[in-house]
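Participant: Residue numbers (our numbering): 15 to 247.
Just so it is clear, CB atoms sit at the ideal spot from N, CA and C, and this is done for glycine as well.
There's a structure below that I have some questions on.
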Amino acid sequence: MPQVRIQGVKKIFTYGLAQPVAALRGVDFTVERGESVAVMGPSGAGKSTLLQILGTLDRPSEGSVFYNDLDTRSLSPAELAAFRNAKIGFVFQFHHLLPEFSALENVMMPVLIGGKPFGEAKRIASEMLELVGLGPRLDHRPGELSGGEQQRVAVARAAVLHPEIILADEPTGNLDLATGDKVFELLTDLNREKNITLMVVTHSEPLASRMGRALRMADGRLVGEGLKESRQE
Numbered sequence: 015m016p017q018v019r020i021q022g023v024k025k026i027f028t029y030g031l032a033q034p035v036a037a038l039r040g041v042d043f044t045v046e047r048g049e050s051v052a053v054m055g056p057s058g059a060g061k062s063t064l065l066q067i068l069g070t071l072d073r074p075s076e077g078s079v080f081y082n083d084l085d086t087r088s089l090s091p092a093e094l095a096a097f098r099n100a101k102i103g104f105v106f107q108f109h110h111l112l113p114e115f116s117a118l119e120n121v122m123m124p125v126l127i128g129g130k131p132f133g134e135a136k137r138i139a140s141e142m143l144e145l146v147g148l149g150p151r152l153d154h155r156p157g158e159l160s161g162g163e164q165q166r167v168a169v170a171r172a173a174v175l176h177p178e179i180i181l182a183d184e185p186t187g188n189l190d191l192a193t194g195d196k197v198f199e200l201l202t203d204l205n206r207e208k209n210i211t212l213m214v215v216t217h218s219e220p221l222a223s224r225m226g227r228a229l230r231m232a233d234g235r236l237v238g239e240g241l242k243e244s245r246q247e
């Protein structure tokens, strides 16, 4: 059974628009547990919309998103929020950290939302920040961190509950090449070492070439994909 199955997904935006805009025009694919998948295509191809729907942050106009045969349409908003917090980690181009909280407090948030006591949440978040190389920076607020450090906090926050899948939308797009490469390595290390499925929207062919598979999109459709020989074992 695939870990993720996208079936006939369409997304049409109508609110406030003179003409409806079809962002996704019928997308089908599956993802196996532990895969690393790049999602590529020109601007406006529907990549970010697909990731939002895959992450249950938005609902499709038509079609279904299945996780291990669970149709996410069957979940209430509260159930969906709990599922998302426990099963899915997100990393975006802009880190979306809470500026008034420290790195440690930002990473603690999903753990506290998940119902863990404060002390345990602090321990778990500290360990994750140590893992991404930010042990000495636990008490620093985002404004006191470099761009690369902020994105590493975002990766730690995404991975702190050991989700089944991490969805990353241009996670290195706002960073210089060297810093972006380090952040990308963090994500691929989590994929390999923790068996966390990884899907990354990227414009970078070099980064995509380091993933197991690339889905290519254009005009709201999946137009091709490739699987590296080394991952076909």
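By the three-class DSSP mapping on this structure, what secondary structure does Thr211 have?
Facilitator: Note: Thr211 maps to strand in three-state DSSP.
Participant: On the CB-based measure, 16 or more other CB atoms within 10 Å of its CB, does Phe106 come out buried or exposed?
Facilitator: Per the 10 Å Cβ criterion, buried.
Participant: With respect to the beta strand (DSSP E) encompassing Gly40, which residues constitute its N-terminal and C-terminal limits?
Facilitator: Run containing Gly40: 35–45, per the beta strand (DSSP E) assignment.
Participant: Applying the criterion that 16 or more other CB atoms from any shown protein chain within 10 Å of the CB defines a buried residue, is Leu84 buried or exposed?
Facilitator: The residue is exposed, with fewer than 16 neighbouring Cβ atoms inside 10 Å.
Participant: I believe Gln21 touches Ser78 by the beta-carbon criterion, under 8 Å. Please report the beta-carbon distance rounded to the nearest angstrom.
Facilitator: Indeed, because the Cβ distance is near 5 Å, the residues count as touching under 8 Å.
Participant: Quickly, what does DSSP pair Tyr29 with across the bridge? List them, please.
Facilitator: DSSP, once it has assigned bridges, lists no residue as partnering Tyr29.
Participant: Please classify Gly162: does DSSP put it in a helix, a strand, or coil?
Facilitator: Helix.
Participant: Given this structure, state the Cα-to-Cα distance separating Glu239 from Ala228, to the nearest angstrom.
Facilitator: Straight-line Cα distance between these residues: approximately 5 Å.
Participant: Let me know if Ser244 comes out buried or exposed under the rule of 16 or more other beta-carbons within 10 Å of its beta-carbon.
Facilitator: Confidence is the limiting factor: at Ser244 the pLDDT is only 38, short of 50, which leaves the residue's position unreliable, though a coordinate-based value still follows. So Ser244 ends up on the exposed side.
Participant: Quick check: the Cα distance between Val169 and Leu201, rounded to an integer number of angstroms?
Facilitator: Distance between the alpha carbons of Val169 and Leu201 is about 7 Å.
Participant: Just confirm the distance between the C-beta atoms of Pro177 and Gly103, as a whole number of angstroms; I'd bet it's less than 8 Å.
Facilitator: Right, their Cβ atoms sit about 4 Å apart.
Participant: Would you mind stating whether Leu111 and Gln164 have Cβ atoms separated by less than 8 Å?
Facilitator: For Leu111 and Gln164, yes; Cβs fall inside 8 Å.
Participant: Since Leu175 and Ala100 are thought to touch, with beta carbons under 8 Å apart, how far apart are those beta carbons, to the nearest angstrom?
Facilitator: With a Cβ gap of about 6 Å, Leu175 and Ala100 count as contacting.
Participant: Around the Cβ of Val35, are there at least 16 other Cβ atoms within 10 angstroms (buried) or fewer (exposed)?
Facilitator: So Val35 counts as exposed.
Participant: Can you list, in chain order, the residues of its chain whose CB lies under 7 Å from that of Glu46, leaving out five sequence neighbours each side?
Facilitator: Result list for Glu46: Pro16, Gln17, in chain order.
Participant: Under 7 Å Cβ to Cβ from Gly187, same chain only, skipping five residues before and after it: list those, please.
Facilitator: Once the five neighbours on either side are set aside, the close Cβ partners of Gly187 are Gln107.
Participant: If you check the beta carbons only, do Met231 and Lys24 fall under 8 Å apart?
Facilitator: Result no, Cβ atoms of Met231 and Lys24 do not sit closer than 8 Å.
Participant: For Gly77, which three-state DSSP category applies?
Facilitator: Gly77 falls in the strand class under three-state DSSP.
Participant: Do Val237 and Leu65 have their C-beta atoms closer together than 8 Å?
Facilitator: The answer is no: Cβ separation not under 8 Å.
Participant: Within 10 Å of its beta-carbon, does Ser116 have 16 or more other beta-carbons around it, so buried, or fewer, so exposed?
Facilitator: With 16 or more other Cβ atoms within 10 Å, it is buried.
Participant: Following the continuous beta strand (DSSP E) through Val53, name the residue where it begins and the one where it ends.
Facilitator: First-last of the beta strand (DSSP E) with Val53: 50–54.
Participant: Under the assumption that Met213 contacts Val53 (Cβ atoms under 8 Å), give the Cβ distance between them as a whole number of angstroms.
Facilitator: Confirmed, Cβ separation roughly 6 Å.
Participant: Pull up the distance between the alpha-carbon of Glu114 and that of Glu158, whole angstroms please.
Facilitator: In a straight line, the C-alpha of Glu114 is about 11 Å away from that of Glu158.
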